[in-house]
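Input: a single structure, listed below in structure tokens.
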Amino acid sequence: MNHDKYDDSYIRSIMHDVKSVAVVGASPKDNRPSHFVVKYLAERGYKVFPINPGQGDGDIAGIKAYAKLSDVPEPIDMIDVFRSSDAVPGILDEALKLSPPPKVFWMQLSVRNDEAASRAEEAGMRVVMDRCPKIEYGRLSGEINWAGVNTRKLSSKRPKRLEGGVQRLSIGQKFQPKT
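Residue numbers (my numbering): 2 to 180.
This is the structure:
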């Protein structure tokens, strides 16, 4: 697979199919991107497992943290890697030992390891590199538009609210303004 560009349908299907996410490299510091991602995904209904060796008995964003992937007591659908590209092969090795193995191996912005991606795909995982699930969810659900940002054009106009004033969209919904 070409990991330089992903179809929206590929990312959307991952975000729709995944129910649980282990965020490897999650930070307890509330100003770190990994902390935002843990909190954001949990608020969108995903079961999130923050992974941080120094926080094994603590919590991150109010969610129980684990020292390593194998400590998580439930199946993990997706691994989201917030570590350097050099750390990816070791994280993949740990992920491949899980039973059942994760369905998706996701590497965060600026994290890319083509060799590990090939190994993950050979093991039957879908792979995403150099992307953020928080950003992709916001982009595909339309949430990012609320701030006036559109992936194709910038605008300060907010989309019309749905019935009852609700703006929160899920990854499977498309905004349909009333006519």
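A virtual CB, placed ideally from N, CA and C, is assigned to each residue, including glycine.
Could you tell me how far apart the beta carbons of M79 and V22 are, in whole angstroms, since I believe they sit closer than 8 Å? 5 Å
Between the stretch 75 to 95 and the stretch 106 to 119, are three or more C-beta pairs nearer than 8 Å? For the pair of segments examined, the stretch 75 to 95 was found to touch the stretch 106 to 119: the number of CB pairs separated by less than 8 Å reaches three.
Under the three-state DSSP convention, the category M2 falls into: coil
Those runs of the beta strand (DSSP E) which lie wholly inside the stretch 93 to 139 and span at least 3 residues: 105 to 108 and 127 to 129
Between the Cα of Y138 and those of H4, P90, H17 and D8, spot the shortest distance and give me the residue it belongs to. H17
Please go through the same chain and pick out, in chain order, the residues whose beta-carbon is closer than 7 Å to the beta-carbon of R45, but skip the five residues on each side of it. Y138
7 Å CB neighbourhood of S35 in its chain, flanking five on each side removed: V24, G26, A27, S28 and F83
Are the Cβ atoms of N53 and I64 separated by less than 8 Å? No, these two residues do not count as a Cβ contact at 8 Å.
Output the distance between the C-alpha atoms of E116 and I136, rounded to the nearest integer angstrom. Going by the C-alpha atoms only, they are around 25 Å apart.
Around the Cβ of Y67, are there at least 16 other Cβ atoms within 10 angstroms (buried) or fewer (exposed)? buried
Nearest-angstrom Cα distance between L141 and I15? 12 Å
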